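Quick look at the structure:
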């Protein structure tokens, strides 16, 4: 699975977090450091499988735990209209 950032979505990023805003509905979401890494992977078109593998290796965390966390984040981003599945 891959996701894209819909046109009405804007974001501001610094070293440790990103704030994402849906300009159509005014909803926004703030991501921490790991969430920001996931966001960056989405921006460059990485699949969910690649994202999970990369985060799991980088932080030496069980893939099952990472998978659950990544899917939880994606569900929230979808709910707020901040990403779109392609």
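In our numbering, the protein residues as written are 77 to 162. Idealized CB from N, CA, C, for every residue including glycine. Everything numeric in this text was worked out from a predicted model, so none of it was measured.
Nonlocal neighbours in the same chain, by C-beta distance under 7 Å from residue i, ignoring five residues either side
{"i": "residue 77", "result": "123, 124, 161"}
Beta-carbon spacing of residue i, residue j below 9 Å
{"i": "residue 116", "j": "residue 92", "result": "no"}
{"i": "residue 110", "j": "residue 128", "result": "no"}
{"i": "residue 146", "j": "residue 114", "result": "yes"}
Residue i Cβ short of 8 Å to the ligand SAH heavy atom set
{"i": "residue 114", "result": "By its list of ligands, the structure shown contains no ligand whatsoever, and the ligand SAH lies outside what it can speak to."}
Own chain residues within Cβ distance below 6 Å of residue i, not counting five before or after
{"i": "residue 97", "result": "86, 104"}
{"i": "residue 79", "result": "118, 159, 161"}
{"i": "residue 157", "result": "98"}
{"i": "residue 82", "result": "160"}
Sequence-distant residues of the same chain with beta carbon closer than 8 Å to residue i, five excluded per side
{"i": "residue 138", "result": "132"}
Integer Cβ distance of residue i from residue j, believed to fall under 8 Å
{"i": "residue 88", "j": "residue 112", "result": "No, residue 88 and residue 112 are not in contact; Cβ-Cβ is about 11 Å, not under 8 Å."}
Practice problem: Ignoring anything shorter than 4 residues or poking outside the segment 95-159, list the alpha helix (DSSP H) runs there in chain order. | Solution: Positions of the alpha helix (DSSP H) runs, each at least 4 residues long and wholly inside the segment 95-159, are given as 109-119, 124-135, 139-155 in order along the chain.
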